[in-house]
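Engineer: Numbering (the working numbering), first residue to last: 27 to 546.
C-beta atoms are modelled at their ideal positions from N, C-alpha and C, and glycine is treated no differently.
Predicted model only: the values in this text are computed from it and were never measured.
The structure follows.
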């Protein structure tokens, strides 16, 4: 759904709420919001601040005396909101749950009191307020604070003070669903799409996830928040101006929202991903535009153990909508030109071990790999190297060489002082090498890489580096400032190889074909 000035300008439902039972998605289908629920928790906290019932600068120990007494004099509510708490514990990390599995089972219901007690002795990996690191535990703690201050159950308070006032009549706790919710599916890009359920009991993520809603309700929520219907304009401006640097391109983080600049305009958004579901909601204040995208088909969850990454296409869809709204071209939407050329049928050799066959049926071309060899189309790299000779490009090549060789000696000279302090140091590079080893253990042998994209923006240039493994594709991004120094790095996505053997080729120009079935 896309809305402007409170009016719908586009709304459409696609595919199935439940593929197995042939139930289609529609405007009343409820989707699991995953981490988008954090925006509602943040809104409830900000509302309490606006009403003078707490302060965003209250220290955490005010609500639990002695909590995390390791260097925490400065740990405040706003640190929890903008993910700068510095806390080690993060319940989305399976290892953190396993530490205490003998005490509490993540398959059983748990109270907020038990959750806080479970990880009460968590340590800090950095001083609060100094380093951005996304953390679910901070929002679980915020839900606990809401209960302490309001004297109400978290969701009851959320419903009475935020959801009902925003007119959100189709938003529910995962613990109390009415039966119109979508079923989550995994297997995007494969021939094995099937339903999946979350492994943990939803109470383990109270405040951080565990809410279902519709596109219409979420548009109403965005409008209510950003037109300051839920709290004062002064409080809204204060919170949106309280941003921290993430070192992920031009992304900043405000209490409850990710902040980007798109064509000179602020774009506040939040994404969410969990087994079977993915979501992105966002708002452009200057144009009063709300965008909501909800999906119940995502990639195979087992590969997410490599990294916390995008699960589906909701982010790319959001980016394309923003481009279209600003009269920009979205170049990879296939526009058929002419008819398929029957003269192209035959066998093709990519290299000594990879062959293709092109056939012609019913005025269409089909590309097939199964006939001639045991590889699928997506085992082969279809990413072209960009044409670039800059110093930034050379540093990207050095980065890849360092990553593959597990040797980053001297690489910090290519980064800004801030990035050296926060990431390109001995500890950060050791973590990166360990990440690379985890990928190898899950995705098999490293095969090759490409620098496949370059985006120049005001103040920085982003390069996309894609790494090809036997079982997965991994995309990373390096951002450079105008002085040619790295000022941002993050993992864009980890995607399993697609097992698609036959695809349709659609002519889009002279010697150019859109590969229908390119499920990445």
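1) Do you know offhand how far residue 336's Cα is from residue 500's?
2) Return helix, strand or coil for residue 27, following the three-state DSSP convention.
3) Applying the 10 Å Cβ sphere with the 16-neighbour rule, what's the burial state of residue 427?
4) Out of curiosity, what's the CA-to-CA distance linking residue 486 and residue 235?
5) Got a sec, what are the start and stop residues for the alpha helix (DSSP H) residue 59 sits in?
6) Over the uninterrupted alpha helix (DSSP H) stretch that includes residue 385, give me the two end residues.
7) Who are the Cβ neighbours of residue 469 in its own chain at under 6 Å, not counting the five residues just before and after it?
8) Kindly provide the ranges of any alpha helix (DSSP H) runs that are 4 or more residues long and lie completely inside the region 248–332, ordered along the chain.
9) Are the CB atoms of residue 41 and residue 322 within a distance shorter than 9 Å?
10) Using 9 Å as the threshold, is the C-beta distance between residue 28 and residue 347 below it?
11) Throw me the rounded Cβ distance for the residue 113 and residue 148 pair, which I believe falls under 8 Å.
12) Under DSSP, the alpha helix (DSSP H) around residue 446 begins and ends at which residues?
13) Report, in whole angstroms, the separation of the C-beta atoms of residue 58 and residue 116, which I expect to be a contact under 8 Å.
14) Under a three-way DSSP split, which group does residue 505 fall into?
15) Who pairs with residue 535 in a beta bridge, going by DSSP?
16) For residue 355, count neighbouring C-beta atoms within 10 Å of its own C-beta (all shown protein chains included) and say buried if the count is 16 or more, exposed if not.
17) Given 8 Å as the limit, is there contact between the region 156–175 and the region 100–112, that is, 3 or more CB pairs closer than that?
18) Could you please give the first and the last residue of the uninterrupted beta strand (DSSP E) stretch that includes residue 35?
19) Does the contact criterion of 3 or more C-beta pairs under 8 Å hold for the region 249–262 versus the region 270–277?
20) Helix, strand or coil for residue 515 per DSSP?
21) Quick check for students: name the residue ranges of the alpha helix (DSSP H) that lie wholly in the region 134–186, counting only runs of 4 or more.
22) Looking only at C-alpha atoms, which of 197, 101, 142 sits nearest to residue 153?
23) Exposed or buried, which one is residue 316 when buried takes at least 16 other CB atoms within 10 Å?
24) Note down the Cα distance separating residue 265 from residue 297, rounded to an integer number of angstroms.
25) I need the straight-line Cα distance from residue 463 to residue 201, nearest angstrom please.
26) Please check the pair residue 305 and residue 55, which I expect to be a contact at CB under 8 Å, by giving their CB distance rounded to whole angstroms.
27) Got a sec: is the Cβ-Cβ distance from residue 506 to anything in chain D below 9 Å?
Structural biologist: Let me spell this out:
1) At residue 336 the pLDDT is 46, less than 50, meaning the model places this residue with poor confidence; the figure from the coordinates comes in the next sentence. Computed Cα separation, rounded: 11 Å.
2) Shown here, residue 27 sits in coil according to DSSP, grouped into three states, outside any helix or strand.
3) Its Cβ having fewer than 16 others within 10 Å, residue 427 is exposed.
4) As the crow flies, the alpha-carbon of residue 486 is around 33 Å from that of residue 235.
5) No alpha helix (DSSP H) contains residue 59, which DSSP labels as neither H nor E.
6) First-last for residue 385: 381–387, but that is the beta strand (DSSP E), not the alpha helix (DSSP H).
7) 495, 497, 498, listed in sequence order.
8) Here the runs fully enclosed are 259–267.
9) For the pair residue 322 and residue 41, the CB atoms are nearer than the 9 Å cut-off.
10) In contact: residue 28 and residue 347 (Cβ atoms closer than 9 Å).
11) Confirmed, about 5 Å.
12) First-last of the alpha helix (DSSP H) with residue 446: 443–448.
13) Incorrect: roughly 20 Å between the Cβ atoms, too far for contact.
14) In this structure, residue 505 counts as strand in the three-state DSSP scheme.
15) Per DSSP, the beta-bridge partners of residue 535 are 538.
16) The C-beta of residue 355 has fewer than 16 other C-beta atoms within 10 Å across all chains shown, which makes the residue exposed.
17) The region 156–175 is in contact with the region 100–112.
18) Unbroken beta strand (DSSP E) run through residue 35: 33–36.
19) Because the criterion of three Cβ pairs below 8 Å is not met, the region 249–262 and the region 270–277 do not touch.
20) DSSP places residue 515 in strand when its eight states are reduced to three.
21) As far as the region 134–186 is concerned, its whole alpha helix (DSSP H) runs of at least 4 residues are 138–144, 162–176, 180–184.
22) Looking only at 197, 101, 142, the smallest Cα-Cα distance to residue 153 is reached by 101.
23) The residue is buried, with at least 16 neighbouring Cβ atoms inside 10 Å.
24) Straight-line measurement puts the Cα of residue 297 at about 19 Å from the Cα of residue 265.
25) In this model, residue 463 and residue 201 are separated by some 38 Å (Cα to Cα).
26) Separation of the CB atoms of residue 305 and residue 55 is rounded to 13 Å, and the pair is thereby denied contact status at 8 Å.
27) Protein chains in the displayed structure number just one, and chain D is not present.
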